[in-house]
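First to last, the protein sequences are chains A and B.
One point on numbering: in UniProt numbering, the residue at position 74 of the first sequence is 74, and numbering is uninterrupted.
One point on numbering: in UniProt numbering, the residue at position 391 of the second sequence is 391, and numbering is uninterrupted.
The beta carbon of each residue, even a glycine, is placed where N, CA and C say it ideally should be.
First up is the structure itself, then whatever we jot down about it.
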Amino acid sequence: MPTKQAPTRQAITLKGSTNLVTEFFKYAVNTILFQRGVYPSDDFHMVKKYGQTVLITQDLALENYLDKILKQVNKWLLTGSVTQLVLAIISKDTRITLERWVFDVNLVEQEQDTAEPRQPKPESEIQAEIRYILKQIVSTVTFLPIMDEPTVFNILAYTSESADIPADEWVDTDPLAIEASKSQQVKLRSFSTDVHRIEAMVAYRYEG
Amino acid sequence: MEGKKFVTPANRSSRLPSASARSSAMKRDSLTAELERGEWRPEQATAKRQQRSQAFTSTIAQSSFERQLATAKAAKIDLEKRLREKDAIIEGLERDRRWLHERAEEEKQAKEQEMAEHEEAKTKYDKELRALRDSYRDLQEEHVDLKEQHEQLSRSTSSTIASQKTRISTLERQVETLESELQEFKRLADERSREVQEAQERMEDLSIANESFSRENLEEENWAVVREELHRQANYMRTLEATNAKLNQEVHALRERYTSVEVLREEKRGMEAKLRALEPLREKVVRLEAEVEAARKEREDWATKNASSSPSQTPVSVTQSLSALRMEHARLLEEHGATVALLHQREKELADSESSRKDQRETIDKLQSEVRVLKDIVNRKEQKVTLAEREVGFLQALLASYTAEDAAQEGAKPDEIQTQRIQHLEALLADYKSRIAELEKEITEGGGRLQNGPSRKELADALRAVQEEKLQAQKALEEAESANAQLEEKHEHVEQALFELRGEVGGGRHVPPGTRVLALRDNPAQQWADTRQAVLDRLKAENEALLARLKELEERGVVSGGEGEEKRESFVPRESWEAVSREKEELLAEVRKKEKLYIRLKEVYTKKTAEFREALSSILGIKLAFYPNGSVRVTSQYDLNASFVFQPTSAENGQATMQLVAQGADVPVDIEGMLQFWVLERNCIPGFLASVTLECYDRWERGGGNAAGAQ
C-alpha cells in the first residue's frame, strides 16, 4: 500500500507547490514594483500574507497583466518547462535596462529508491523562507542605485524549447541584458518546497 | 431739306441716306454755308462734297465715339455699383465668417470646459471607485475576521457547554454521594441516639440497682457525675440531631437549587466545610461511645467487685499498675535506644574493621609480592654464594695443587708469578662479581616492572611500530589537510566563477542553450513604446495639417491683400524659422569647410599634375594635355608639330586601350609612315611614340637652332 500512496501524495504536492510558487511570484513582483517605485505608491494597498503586511497593486490593467502571466506560469510550472522568471526594470526615456530581478526555478531531486518517504517540509517553514525573501527585497533599497528617471517594467519567462506556448499571446523577445562592464549582481535568499526550489537574485546597472 | 436745290444727281444717291441720318443731330457749319452761298462751281463741288462727306463721316464717327463713351461710362458706373455691392456682400460674408468663427471658438471653449469637467468627474469617480474598492476589501477582511470570531465563539461556547454539562453531572454525582453519606450519618446518629437512650435506660436501671445496693456518698457523687455527663451527652446528641435536621433541610434546598451550578458549587463547598466540622463531632461521638463503653465496663467491674472491695481501690491499683507499666515501658524504650546506639556503634566498628581488613589485604598483597621479589633475590644470592663457594673450592683445590706441585718441585721458583696470577684472577673474579651484581640489579629493576606481560623487546618493537604508524598517519593527515585546503581553494574559485556566470545569466547577457526568452505581447514596456510612437505620429500628422493650413492661409493672403509680402512672413512659425536658419547656418559652415578642402585638394592636384607632366616630359620626351572628355593630346618635346590625340576605348577584355583619333596639322611625312607601321600594323602605340620621339630628336639635333625655339 505505501507504494500506491506515495504517487498520489506527490501529485498533490506538485500542484500545491506550483500554486505556492505562483503566489510567491505575485507577491514578490508586487513588492518589487512598489519598492522600486515603478508605479506610484498610491496604487498599492496593504494585505496580510505570510504573517506580515504585503503591498498589492490596485491598478486594474496591471492586475490583469500579472494574472495573465501567472496563469501561464502556473501551467508551465506544472509541466516543468519554465526555468527562469525575470522582472526587468527599464528606463522610459533611454530604454536601457536598469535592473533585472531573476528567479531561478529548479526542480528538487526526488530520491526514488529510499525505502520510507521523506518527511514533507512543513508549510510554516516554507512561509518563513518566503517571508525572508520578501524582507530581503525590501532591504535591497539600501544598496541598489537610486532611480530618478521614469521607468517601466517587463516580465520575461525563460522556457524550454519544447514548452507549450500560446503563440498569439507570447512572443520571443530580447533578453533585456545589462551591459557587462556596468553590471553588478547580488544573490538573495532562496526557498524550497518539496518539489521546487526558487533562487532569487538581482542584477543591476551600476555606473561607478 | 433746305439744301435740296443744290443736290446733284451725282451726289444725291450718296447724300440722301446721310441726310436722313444728319437731320436731327447735325447743323451745317459756316464753311458749308459759305460754299452754298457762293457760286457753285462744278470743279469745286466735288472737292466740297468730298470735304463735306469727310466732315460728315468724322462727325458721325465722333458722335458714335461719344455714344460709345457714354455707354462705356454708363457701363462703368454700373460696374462700379456692382463692385460696391460685391464689396458689401464680401464684407457681410466676412462678418458672417467672423461671427461663425467666434461661435466656433465659443463652442470649442465650451467643449473644453465640458471636457475638463468630464475629466474631473472621471478622476473623482475613479477615486471614489478606488475608495469603494478599498472599503469593500476592508469589509471583506472584516467579514472574514468576524466569521473567524463567530466560529471561535461558537466553538468556545460549545466547549464551555460541554464542560459545564460534565461538571453538572459530576456535581450531581457528588450530591448523590453526599446525600447517601448524609443518610448514613443520620442512620448512625439515630442508632447512636438509640444506643444512648438504651444506655441511659440501662444506667437508670443500674442507678436504681446501685441505690439499692449502697448509699455511700462517694458512690452517689460518682453517679451524679456520671449522670451529669450522660445528660450533657444527651444534650449534645440532641444538638447533633438538630444540626442533622438543619443539614437535611439544607440538602433539600440544595436539591432544589442544583440547577444553578455556581450556587450549587458554593453550597457544596459550604457543605464540605460543615462536614469537616462534623468530622470532629464524629470523632467525639466515637470517643464518647468508647467512654460510654469504658464507663459501662467500669460499672460492671464495680458491680462485680462491689461485694469484695471498695470501688475506689481499683483505680488506684490500676493506676499503680499502669504507672508501673509505663515506667517499665520507658525503661524498655531507654534500653532499646541504648541497644540501637550500641548497634550503630558496632556497625560502624564493623565497617572500620572491614576497611582496615581491605587495607591489610592490600598491604599483604604488596608484602607478598615484595616477599616474592626478595625470595628471588635470596635465591639468586644463594646461587651466587654456592657459585662463589664452588669457585673458592676450585681455587683452593688449585692452590692445593699448586702447593702440592710446589712441594713436589721443592719450591725453587719464587711465588711471584703465582701470586701475580692469583691476584689477577682475583681481580677478574671481583670484576665478574660486580658485573653479575649489576646484571642482577638490572633484572630486578626490569623484572619488577614486567612481571606478567610481554617482554621488553616485544614492547619496544610494538612501540616502535606504533610510533612509525603514528608518523605515517600524521603524514597522511598532513597530506589530506593540504589536499583539503587545495580543494577548498578550488571550491572557492569555482563558487566565484559560478556566481559570475550566474551574474552573466542574471544580467541577461547569456541565454542558456535550448531556452527561449518569452514575454507577453501586451506588456507595459511595449504599451509605453506604442503610446510614445502613437504620440509621435499624432504630432507629425498635426504638424503636417498645420503646415497645410499655413499654406492655405498664405495663398488666401496673397489673393485678398495687397501687402502679401509682410503677411507671408508672419505666417512662418518662429520655431521653424529658427530651425531652418540654424540648419542653413550649419549647411553654410559645411559648405565653407568643403570649399576649403576642395581648394586645398585642387592645389595639391595641380601641383601633382605639374610634377607628373614634368616627369613625363623629362623621362619620355613628350608633353601631355588632358581634355575633359578623357582624350589625351601627346606632343613630342622635340617637334611641336608632331602631336597626336588619343581617346580611351573600352576593350572587350576589360582593359582600356587608347585609340588615335586625330593628329597635328603638319605632321612630317616619315612619321605618317611610322604611324602606318606601328599603329595600324603592329597596333603598338608606345612603340610608335618611342620611334616618333627618336625621329623628332634626330631632326631637332640636325636642325640645331630651331630646337631652342621649339623647347
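Can you give me the C-alpha to C-alpha distance between residue i and residue j, rounded to a whole angstrom?
{"i": "L206 of chain B", "j": "R173 of chain B", "result": "48 Å"}
{"i": "Y39 of chain A", "j": "H101 of chain B", "result": "44 Å"}
{"i": "Q496 of chain B", "j": "K187 of chain A", "result": "12 Å"}
{"i": "R82 of chain B", "j": "R556 of chain B", "result": "23 Å"}
{"i": "I417 of chain B", "j": "V392 of chain B", "result": "20 Å"}
{"i": "R361 of chain B", "j": "V371 of chain B", "result": "14 Å"}
{"i": "K124 of chain B", "j": "S41 of chain A", "result": "19 Å"}
{"i": "L275 of chain B", "j": "A245 of chain B", "result": "14 Å"}
{"i": "L322 of chain B", "j": "A341 of chain B", "result": "28 Å"}
{"i": "Q62 of chain B", "j": "Q68 of chain B", "result": "9 Å"}
{"i": "Q84 of chain A", "j": "T97 of chain A", "result": "18 Å"}
{"i": "S156 of chain B", "j": "E148 of chain B", "result": "12 Å"}
{"i": "R12 of chain B", "j": "K73 of chain B", "result": "Unreliable placement is indicated for R12 of chain B, whose pLDDT of 48 sits below 50; the coordinate value is still reported in the next sentence. R12 of chain B and K73 of chain B: Cα-Cα distance of roughly 37 Å."}
{"i": "A642 of chain B", "j": "P648 of chain B", "result": "20 Å"}
{"i": "E504 of chain B", "j": "Q113 of chain B", "result": "55 Å"}
{"i": "A180 of chain A", "j": "I137 of chain A", "result": "23 Å"}
{"i": "W678 of chain B", "j": "L597 of chain B", "result": "45 Å"}
{"i": "A47 of chain B", "j": "S58 of chain B", "result": "16 Å"}
{"i": "Q129 of chain B", "j": "S183 of chain A", "result": "This sequence places Leu at residue 129 of chain B; Gln is not what is there. Distance between the alpha carbons of L129 of chain B and S183 of chain A is about 42 Å."}
{"i": "R194 of chain B", "j": "Q233 of chain B", "result": "13 Å"}
{"i": "L477 of chain B", "j": "L428 of chain B", "result": "57 Å"}
What is the DSSP secondary structure of residue i, reduced to helix, strand or coil?
{"i": "M147 of chain A", "result": "coil"}
{"i": "Q119 of chain A", "result": "coil"}
{"i": "N38 of chain A", "result": "Note on residue identity: the sequence assigns Val, not Asn, to residue 38 of chain A. In the structure shown, V38 of chain A sits in coil (DSSP, three-state: anything other than H, G, I, E or B)."}
{"i": "L55 of chain A", "result": "strand"}
{"i": "A473 of chain B", "result": "helix"}
{"i": "T444 of chain B", "result": "helix"}
{"i": "N683 of chain B", "result": "coil"}
{"i": "T173 of chain A", "result": "coil"}
{"i": "Y206 of chain A", "result": "coil"}
{"i": "Y27 of chain A", "result": "helix"}
{"i": "T8 of chain A", "result": "Confidence at T8 of chain A is low in this model, with a pLDDT of 44, below 50, so the placement of that residue should be treated as unreliable; the coordinate-derived value is given next. Three-state result, T8 of chain A: helix."}
{"i": "K4 of chain B", "result": "Low local confidence applies: a pLDDT of 48 at K4 of chain B is under 50, so the model's placement there is unreliable, with the coordinate-based value given in what follows. Helix at K4 of chain B."}
{"i": "I155 of chain A", "result": "strand"}
{"i": "S158 of chain B", "result": "helix"}
{"i": "A58 of chain B", "result": "Before going on, a small fix: residue 58 of chain B reads as Ser here, not Ala. Three-state DSSP puts S58 of chain B in a helix."}
{"i": "V73 of chain A", "result": "helix"}
{"i": "V251 of chain B", "result": "helix"}
{"i": "V661 of chain B", "result": "strand"}
{"i": "V667 of chain B", "result": "coil"}
Under the DSSP definition of a beta bridge, which residues are partnered with residue i?
{"i": "M115 of chain B", "result": "In the DSSP output, where bridge partners are listed per residue, M115 of chain B has none listed."}
{"i": "A106 of chain A", "result": "In the sequence on display, residue 106 of chain A carries Asn and not Ala. According to DSSP, which records beta bridges pairwise, N106 of chain A is partnered with A:R197."}
{"i": "E99 of chain A", "result": "A:I89 and A:Y204"}
{"i": "S183 of chain A", "result": "A:R205"}
{"i": "S160 of chain A", "result": "B:T515"}
{"i": "S617 of chain B", "result": "Partner(s): none; S617 of chain B has no beta bridge."}
{"i": "Q84 of chain A", "result": "A:D104 and A:Y158"}
Nearest by alpha-carbon distance to residue i: which of the options is it?
{"i": "E241 of chain B", "options": "B:R187, B:R98 and B:L439", "result": "B:R187"}
{"i": "L178 of chain B", "options": "B:V535, B:R265, B:L588 and B:L587", "result": "B:R265"}
{"i": "G80 of chain A", "options": "A:Y27, A:A163, A:D42 and A:M46", "result": "A:A163"}
{"i": "L107 of chain A", "options": "A:S183, A:F191, A:E207 and A:A203", "result": "A:F191"}
{"i": "P120 of chain A", "options": "A:K182, A:R205, A:D194 and A:E179", "result": "A:D194"}
{"i": "Y402 of chain B", "options": "B:R421, B:V385, B:K384 and B:L387", "result": "B:R421"}
{"i": "V175 of chain B", "options": "B:E117, B:D138 and B:V251", "result": "B:V251"}
{"i": "F153 of chain A", "options": "A:V21, A:K135, A:V47 and A:L62", "result": "A:L62"}
{"i": "V105 of chain A", "options": "A:F44, A:S17 and A:Y50", "result": "A:S17"}
{"i": "I90 of chain A", "options": "A:T151, A:K26 and A:L14", "result": "A:T151"}
{"i": "L254 of chain B", "options": "B:M271, B:T239 and B:T243", "result": "B:M271"}
{"i": "M237 of chain B", "options": "B:N210, B:L281 and B:R227", "result": "B:L281"}
{"i": "A157 of chain A", "options": "B:F688, B:T419, B:D376 and B:G508", "result": "B:G508"}
{"i": "R137 of chain B", "options": "A:I56, A:V21, A:Y50 and A:L20", "result": "A:I56"}
{"i": "A519 of chain B", "options": "A:L66, A:A203, A:E207 and A:T94", "result": "A:L66"}
Practice prompt. Pick out the complete beta strand (DSSP E) segments inside the region 621-648 of chain B, 3 residues or longer, and give them in chain order.
Written response: 622-626 and 632-636
Fill in: beta strand (DSSP E) segments (min. 3 residues) lying fully within the region 510-540 of chain B
515-520
Practice prompt. With a floor of 4 residues, list each alpha helix (DSSP H) that falls wholly inside the region 355-399 of chain B, ordered by position along the chain.
Written response: none
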